[in-house]
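Asks:
There are 2 protein chains.
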Amino acid sequence: MKSASPLLDMDSIEAQILNLHGFKITQPRFAVLSLLKGIVHPISSQEICDSIDNQVANQATIYRIIQSFLEAGIIREVNLRHGHIDYELARDEDDHHHLVCVSCGLVENFEECETEKIIKRVLKQTKKFASIHEHAMELFGICKACTKKNKKTTHR
Amino acid sequence: MKSASPLLDMDSIEAQILNLHGFKITQPRFAVLSLLKGIVHPISSQEICDSIDNQVANQATIYRIIQSFLEAGIIREVNLRHGHIDYELARDEDDHHHLVCVSCGLVENFEECETEKIIKRVLKQTKKFASIHEHAMELFGICKACTKKNKKTTHR
DNA sequence: TTGTAAATGCGAATGATTCGCATTTAGAAA
DNA sequence: TTTCTAAATGCGAATCATTCGCATTTACAA
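In order, the protein sequence lines correspond to chains H and A. Count along the first sequence from 1, then add 103; that gives the number in this note's numbering. Count along the second sequence from 1, then add 103; that gives the number in this note's numbering.
1. Going along chain A, which residues have a C-beta under 8 Å from residue 213/H?
2. CB-CB under 7 Å to residue 120/H, same chain, minus the five flanking residues each way: which ones, in chain order?
3. Along chain A, in chain order, which residues have C-beta atoms closer than 8 Å to that of residue 234/H?
4. Among the candidates 185/H, 183/H, 179/H, whose CA atom is the shortest distance from the CA of residue 194/H?
5. Applying the 10 Å Cβ sphere with the 16-neighbour rule, what's the burial state of residue 132/A?
6. Going residue by residue through the segment 163-195 of chain H, where are the continuous beta strand (DSSP E) segments of at least 3 residues, counting only ones entirely within it?
7. Would you tell me roughly how many angstroms separate the C-alpha atoms of residue 127/H and residue 188/A, rounded to the nearest one?
8. Check the Cβ-Cβ distances between residue 253/A and every residue of chain H, and say whether any is below 7 Å.
9. In angstroms with no decimal places, state the Cα-to-Cα distance between residue 208/H and residue 233/A.
10. Using a C-beta cutoff of 7 Å, does residue 238/H count as contacting chain A?
11. Assign residue 154/H to one of three DSSP states: helix, strand, or coil.
12. Specify the secondary structure class of residue 263/H as computed by DSSP and reduced to three states.
13. For chain H, find out if any of its Cβ atoms is closer than 7 Å to the Cβ of residue 241/A; answer yes or no.
14. Can a CB atom of chain A be found closer than 7 Å to the CB of residue 221/H?
15. Starting from residue 188/H, find everything on chain A with Cβ-Cβ shorter than 8 Å and list it in chain order.
16. Please list, in chain order, the chain H residues whose beta carbon lies closer than 7 Å to that of residue 209/A.
17. With DSSP as the reference, label residue 225/H as helix, strand or coil.
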């Protein structure tokens, strides 16, 4: 599914984010942000390329944008153990993590606050680190659908 | 640093792991396991290739081995936000996680048990998942060395 | 409206990863 | 020990994602 060329609404979230980080508001950047704003789970750079029409943004440009967004902290890398890196918007107001089915790849989000305690303790113990600003947490298991499926197939 | 061709000691940890998973004991597999056994922090597939002499294992073979070890659960993917996927031995007896400096890439391990509580709570809440067997946790911050370095350079 | 640094598009280059197939080999069976 | 065979490997070519260089376009400050 290719996203249609978005009109560059200067009051949109996308434009606000770009302004905030000192980026010029261009169609390619707008398209990448718009796409990431709409997804529920992280996606790969290839999925980003496939989802954005070449008329809207060239692939090389998309890769450059991903790189610069990463450095600016607008997006972050996520590891769902799918064999590649996925990306998601780094909304700093939320503290969500991922629950991944190692059998079918299903992803579910969950909220988590407990980690504050862990971070404090780790900071107390470490001799090399001064501060911690971000954390990632992924849980890997089997979803109910796959559990049911495997029961039928266990007699191999 | 290329690892010397290891003699295939049938009583070694490497051989035990291979036997356990029904893999034939070959020099390439032995070399990959031996390398991963010796590292403190996760490394990329390219680092694995660079560290193993071509006489000991061909690159294509190394990639095939990484793939099969992943599927067997002998190794796991780790995301240190270095732009690529790293790998480490999946010793199931340990529960270690990674503390990463986003400025210089320094990695430190830390032990963690608190997560059991979190997992129980998440399992209670989820409607889609039946079980959780593994978890990953990475903390991202700034190491003391970089903090000191940045203080000197902040006046740009 | 204009000027300019920044951003983009394009095509080529690169480099990691995969594939097909011929050859070798680990380990089971005789 | 020797034999046999599926499994594993090596090699070179092919593929595919990602990057690069450079000419052109464009956002936006003045």
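Don't be surprised by glycine CBs; every beta carbon is placed ideally from N, CA and C.
Replies: Looking at the atomic coordinates:
1. 225, 228, 229
2. 136, 177
3. 244, 245, 250
4. 179/H
5. buried
6. 178-181, 189-192
7. 31 Å
8. no
9. 14 Å
10. yes
11. helix
12. Missing from the structure shown is residue 263/H; chain H here goes from 104 to 259 and no further.
13. yes
14. yes
15. 182, 186, 187, 188
16. 231
17. helix
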